[in-house]
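Novice:
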Amino acid sequence: MTNLFGISIKSNETNSFFRGEKNYFVRTPDFDRHNHGANLGGHVQSFLKESNDNAEVFDKAFIKFLESLEVNKKDLTHLLANLSAFFALKNRGRLERSTLFRCSNSTESKFVYSYLTEVSNCKLYHVEKDRMYTHANFISKNGNDIVLNTLKEIDKAIGSLSTF
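When we follow our numbering, the leftmost residue of the sequence shown carries the number 173, and every step to the right adds one.
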């Protein structure tokens, strides 16, 4: 089997891999959408098992993806889907040796916080808030509160602004 994540690294297309663009699109069984979990659970998990050094390669690629996010519905969807898949797999011990999100002040945690804060400054936040909380609760149940805590902090700040 060809490992699409390995191909994306060699082709410098890891951002396309995480977004399910080009030949990295894996259709969900029920909808005409990209299945982020299948890519992470299949290709990334296999890639990580190939070598002890591959976890660092994956971690750097994921951080690069986080850096590339723009404030729009499409990128927000990719972020939430990738984070949900990542934490579900990590919680099941399937993403061996990845050190992403081990602490709240890690580079990747800061990128997620910053991105969600940017999203909160536009209409998109209010439109997508319920869906964001759905993902945040799922991620929290799978062992990480970065998204949930960020959303609560944002809502607290928005609430305090509206009391003036």
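Each residue gets a CB set at the ideal place from its N, CA and C atoms; glycine is no exception. The structure displayed is predicted, hence computed values, not measured ones.
So, with DSSP's three-state summary, where would you put T335?
Specialist: No answer about T335 holds up, because its pLDDT of 48 lies below 50 and its placement is not dependable.
Novice: Looking only at C-alpha atoms, which of E185, E228, E193 sits nearest to R269?
Specialist: E228
Novice: Taking its Cβ as the centre, do 16 or more other Cβ atoms sit within 10 Å of R191, making it buried, or is it exposed?
Specialist: buried
Novice: Would the beta-carbon of F258 fall within 8 Å of that of L212?
Specialist: yes
Novice: Thinking C-beta only, is L288 closer than 8 Å to T249?
Specialist: no
Novice: Along the chain, which unbroken stretches of the alpha helix (DSSP H) at least 4 residues long are found entirely within the region 286 to 319?
Specialist: Taking 4 residues as the shortest admissible run, the region 286 to 319 contains the following complete alpha helix (DSSP H) segments, listed from N- to C-terminal end: 295 to 313.
Novice: Which of the three DSSP states, helix, strand or coil, is assigned to S191?
Specialist: Just to set this straight, residue 191 is Arg in the shown sequence, not Ser. R191 falls in the helix class under three-state DSSP.
Novice: Is the beta carbon of S276 closer than 8 Å to that of I318?
Specialist: yes
Novice: Report the option in N293, A260, H298 whose CA atom is closest to the CA atom of S312.
Specialist: A260
Novice: Excluding the 5 residues preceding and the 5 following Y297 in the sequence, name in chain order all residues of the same chain whose CB lies nearer than 7 Å to its CB.
Specialist: Within the same chain, and ignoring the five residues on either side of Y297 in sequence, the residues whose Cβ sits closer than 7 Å to its Cβ are V291.
Novice: Taking 6 Å as the limit between beta carbons, can you name the residues of its chain near N254, skipping five residues before and five after?
Specialist: F190, H208
Novice: Quick one: is T335 buried, meaning 16 or more other Cβ sit within 10 Å of its Cβ, or exposed?
Specialist: Low confidence applies here, because T335 scores a pLDDT of 48, under 50, leaving its location unreliable and the question unanswered by this model.
Novice: Please list, in chain order, all residues of the same chain as N187 whose beta carbon is under 6 Å from its beta carbon, the five residues on each side excluded.
Specialist: F237, S240
Novice: Cα separation between N175 and S332?
Specialist: 48 Å
Novice: Count the other CB atoms within 10 Å of the CB of E280; is the residue buried (16 or more) or exposed (fewer)?
Specialist: buried
Novice: Among R264, F219, N309, whose alpha-carbon lies nearest the alpha-carbon of K182?
Specialist: F219
Novice: Taking the alpha carbon of G315 as the point to measure from, which residue in V299, D302, R264, R303 has its own alpha carbon closest?
Specialist: R264
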